[in-house]
Structures are given as C-alpha cells and as structure tokens.
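Read top to bottom, the protein sequences are chains A and B.
By full-length UniProt numbering, the letter at position 33 of the first sequence is numbered 33, and the numbering carries on one by one without gaps.
By full-length UniProt numbering, the letter at position 73 of the second sequence is numbered 73, and the numbering carries on one by one without gaps.
Just so it is clear, CB atoms sit at the ideal spot from N, CA and C, and this is done for glycine as well.
Here the structure is a predicted model, which is why all the values come from computation and not from measurement.
Below is one structure, written out as structure tokens, with a few remarks after it.
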Amino acid sequence: MTLHAITVLGHDRPGIIAETTDRLAGLGLNLEDSTMTLLRGHFAMTLVCEGTAGGSEIEAALAPLTADGSLTVTVREVPAEHAPPAAGTSWVLSVHGGDRPGIVSAVVAVVAGVGGNITDLTTRLAGDLYLLVAEVDLPSGADVEAVSRELTSVAAGLGVGVTLRAADTDEL
Amino acid sequence: MAINPTVLAWAESDLGVPGAVRDVVRAPAAVLSADGGVVDPSAPEIVQLAADLVATMRVSPGCVGLAAPQVGEGVKVFCVDVSAHPKTRDHHGTFVLCNAEVVSGSRNEKAREGCMSVPDLTGDVKRPSRVVVRGQLPGTGEQVELEVEAFEARALQHEIDHCDGLLFLDRAAGAHAVYARKTYL
Chain A
1 MTLHAITVLG HDRPGIIAET TDRLAGLGLN LEDSTMTLLR GHFAMTLVCE
51 GTAGGSEIEA ALAPLTADGS LTVTVREVPA EHAPPAAGTS WVLSVHGGDR
101 PGIVSAVVAV VAGVGGNITD LTTRLAGDLY LLVAEVDLPS GADVEAVSRE
151 LTSVAAGLGV GVTLRAADTD EL
Chain B
1 MAINPTVLAW AESDLGVPGA VRDVVRAPAA VLSADGGVVD PSAPEIVQLA
51 ADLVATMRVS PGCVGLAAPQ VGEGVKVFCV DVSAHPKTRD HHGTFVLCNA
101 EVVSGSRNEK AREGCMSVPD LTGDVKRPSR VVVRGQLPGT GEQVELEVEA
151 FEARALQHEI DHCDGLLFLD RAAGAHAVYA RKTYL
C-alpha cells in the first residue's frame, strides 16, 4: 500500500469532484484526507489517497480531466506522516484590514518565531478588505501574552487588526 | 426569561427627533476596528444619532441592528429590532442602547453571521444564546438591564462588539468558518 497526494486545479465547473473520485475509485484507491475550495473562482482540490496503484497509473487514469486544458493535475507519492499530538495549546488567529502586500508573511513570521505551527489557514480578499484566519498550535511554555503583543504590534505596523483567541472545544 | 417592560415599551418616537438615513461604512474602515467612546446618552447629538441609526436600520433590507461605528461614529450606541426575524423567540422590539455591556452569558451556540459592513463575507461565530445586557436608553439615560435569548442575544452581542471595535471576523470559529456570501438581501 502506498499513499499519493493528488492536486486538481483550474477552471471550475460542475462534476470535477465526481469525475476525479470516480476515476480514483476505479483504481481501488481509498480517499483519506481531502480539501476543496474555490480560490478567486478557481477550483482547488488536494487529496491524499491510499492504495496499490502506482503514480503513473493514477496519472493515466486522471489524464482525461486535463484533456481540454482547463485543469491541471499532479500526482505524487508521499510517505505516511505520524504527527504526534500537539503538546501545546490551540488558537484561532484572525487578521483583517486594508489589502496590501506582506500581511500574511509578517503575521505568520511572529507565529513561526516562537515555534508555533499553523495547521489550517484561509485568506480572503473581498473588495478592499483582506482577511486571514488561521488555526495555530503554540508550543507548551510559549508566552501567549507576549505572542499576542507582538502580533498586535506587527499588525499595527501594517494598519490591520489582529485577534488571537483560544480555540475552545465543547466535548460532548 | 423575563422581558424588560421599559425596553419593550420604548419606541423611536420617544426620541422626539426624526432620524436621517446615513451611509453605512464598510471594512476596512478604521472606525470599525476602534474601541468606541463612552457617550452621554442625553446629549442632543447622541439622541440624534440614535434616531439616525433606527432610520438607517429601517431602510436596510434584512437589517436587525446597526451600531454607531457602522455609520462612521466611533461611539458606544446601537439599535436593534429582531421582531420580524424568523429565528427570533422572545424579544424587546425596537430599542437603542448606549454604553452597553454584556453582564453574563450562557449556553454557547454557533451560527452564521453577516454584517452590512462586511457585505461580501459571512462567518460562523460561537456566542452565548442567553445573555444579560446592561446599558442606558438614549434621551433619558435610564440604566436598564435586560435578559435576552436566541437571535436577539446574538444580535445584541454583534452590535456591542461593533461598539468595542470588533467584527464577527474577529470571532470566526476557525479557518474554514468564513464564507463568500452567496445571497444578498
């Protein structure tokens, strides 16, 4: 059994997911984690699937998707990742303000600087409004107050606002 | 939950001045991200602002609340009227509060919020569905405390957030909790 990471990018239309997954199912591949969204109207999907089919076999099966040039597909074998459960704390970081280059890089640099890990991230540009929402794991022992102050300072320099909130889970 | 009779009985005619429809500002306007100033609820300009907020809410389709920063005034005043909304349970009709704060809250629920000042996005926000809010009525300045629930509770917290310089974007439940708006009212 091997794992393959597959990306499908390009012009959106109804049926892309149905077609892609049907072809993967035809190879006996098991879809594990996947994500799909529209990025400024472009279809963008990444999925990781497990099975015995090889990379070239998967590429051949998905080739019809790319035939009209509207979609790009990549297939790559990836090793199994055994991420240990995070020992630190989970946070939701929200940044919004006027659009300008460098907002994301400046803000995430603060997170990286304390060994924090971003586990999920979305950015949106809506008119002049730029928005970043990220889920952040901070290592145990990180000085959250100091991180928050640094984020506020960096954001102020960019003319945007920032909020860092604990990602609370209601256990049921 | 007990409805506060003073708030329920309040009507914009109590203000004694006609309201003007104001332009609604949109993010990233700085006034939306600044902590609003505390006001004197009996000051004539605050009474006028209260009337303007109600008038602007009335002409805005689907609008159930409007805060002063949304019309460009960085102060703690907002209006609410959820009476016609299908998610509303008990409610206090139309009212304006100055210098309001959430005293206590319980029963967190997540729901998707939109905002006239963020017209192209919506987002999932978790908030208490029962809250006690304290504030002052414009004109008289009378301090009132009201228990609110369900949609009215959400609306009040959304507006109080505006008065404190927060948008629903600041409370997005996660990286996949913000959406491009699909329908415009």
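Own chain residues within Cβ distance below 8 angstroms of residue i, not counting five before or after
i, result
"residue 65/B", "57, 78, 79, 80, 81, 82, 155, 156, 158, 159"
"residue 144/A", "89, 91, 138, 164"
"residue 97/A", "103, 129, 130, 155, 158, 159, 160, 161"
"residue 181/B", "114, 119, 120, 121, 122"
"residue 57/A", "27"
"residue 152/A", "162"
For residue j and residue i, the rounded distance between their alpha carbons
i, j, result
"residue 144/B", "residue 31/A", "56 angstroms"
"residue 169/A", "residue 109/B", "12 angstroms"
"residue 36/A", "residue 107/A", "25 angstroms"
"residue 71/B", "residue 12/B", "18 angstroms"
"residue 166/B", "residue 76/B", "12 angstroms"
"residue 140/B", "residue 44/B", "11 angstroms"
"residue 45/A", "residue 23/A", "15 angstroms"
"residue 85/B", "residue 105/A", "41 angstroms"
"residue 61/A", "residue 11/A", "19 angstroms"
"residue 26/B", "residue 136/A", "28 angstroms"
"residue 87/B", "residue 83/A", "42 angstroms"
"residue 146/A", "residue 111/A", "11 angstroms"
"residue 48/A", "residue 3/A", "7 angstroms"
"residue 125/A", "residue 99/A", "7 angstroms"
"residue 15/A", "residue 65/A", "11 angstroms"
"residue 2/B", "residue 146/B", "8 angstroms"
"residue 68/A", "residue 79/A", "32 angstroms"
"residue 176/A", "residue 95/A", "No statement about residue 176/A is possible, as the shown extent of chain A runs from 1 to 172 and does not include it."
"residue 142/A", "residue 123/A", "25 angstroms"
"residue 1/A", "residue 63/A", "22 angstroms"
"residue 59/A", "residue 43/A", "19 angstroms"
"residue 41/A", "residue 17/A", "15 angstroms"
Reference residue i, options the options, closest by Cα
i, options, result
"residue 109/A", "99/A, 16/A, 154/A", "154/A"
"residue 184/B", "25/B, 63/B, 104/B", "63/B"
"residue 32/B", "146/B, 59/B, 89/B, 164/B", "164/B"
"residue 21/B", "52/B, 142/B, 135/B, 173/B", "52/B"
"residue 140/A", "132/A, 87/A, 33/A", "87/A"
"residue 17/B", "54/B, 90/B, 150/B, 152/B", "54/B"
"residue 150/A", "127/A, 113/A, 17/A", "113/A"
"residue 13/A", "25/A, 101/A, 70/A", "70/A"
Contacting residues, own chain, Cβ-Cβ under 6 angstroms from residue i (five flanking each side not counted)
i, result
"residue 134/A", "93, 118, 121"
"residue 171/B", "125"
"residue 34/A", "47"
"residue 24/B", "70, 116"
"residue 59/B", "21"
Sub-8 angstroms separation of residue i and residue j beta-carbons
i, j, result
"residue 125/B", "residue 148/B", "no"
"residue 92/B", "residue 8/B", "yes"
"residue 128/B", "residue 112/B", "no"
"residue 28/A", "residue 51/A", "yes"
"residue 41/B", "residue 137/B", "yes"
"residue 178/B", "residue 131/B", "no"
"residue 167/A", "residue 105/B", "no"
"residue 36/B", "residue 69/B", "yes"
"residue 89/B", "residue 29/B", "no"
"residue 142/B", "residue 6/B", "yes"
"residue 162/B", "residue 34/B", "no"
7 angstroms CB neighbourhood of residue i in its chain, flanking five on each side removed
i, result
"residue 73/B", "49"
"residue 39/B", "46, 75, 76, 77, 98, 99"
"residue 19/A", "65"
Original post:
Touching or not, the segment 110-118 of chain A and the segment 42-55 of chain B, by the rule of three or more beta carbon pairs under 8 angstroms?
Top reply: no
Notebook entry, point to check: Counting Cβ pairs, one atom from each stretch, are 3 or more of them under 8 angstroms apart for the segment 89-100 of chain B and the segment 113-120 of chain B?
Noted result: With fewer than three CB-CB distances shorter than 8 angstroms, the segment 89-100 of chain B does not count as touching the segment 113-120 of chain B.
**Asked** Three or more beta-carbon pairs under 8 angstroms between the segment 3-21 of chain A and the segment 73-86 of chain A, yes or no?
**Response** yes
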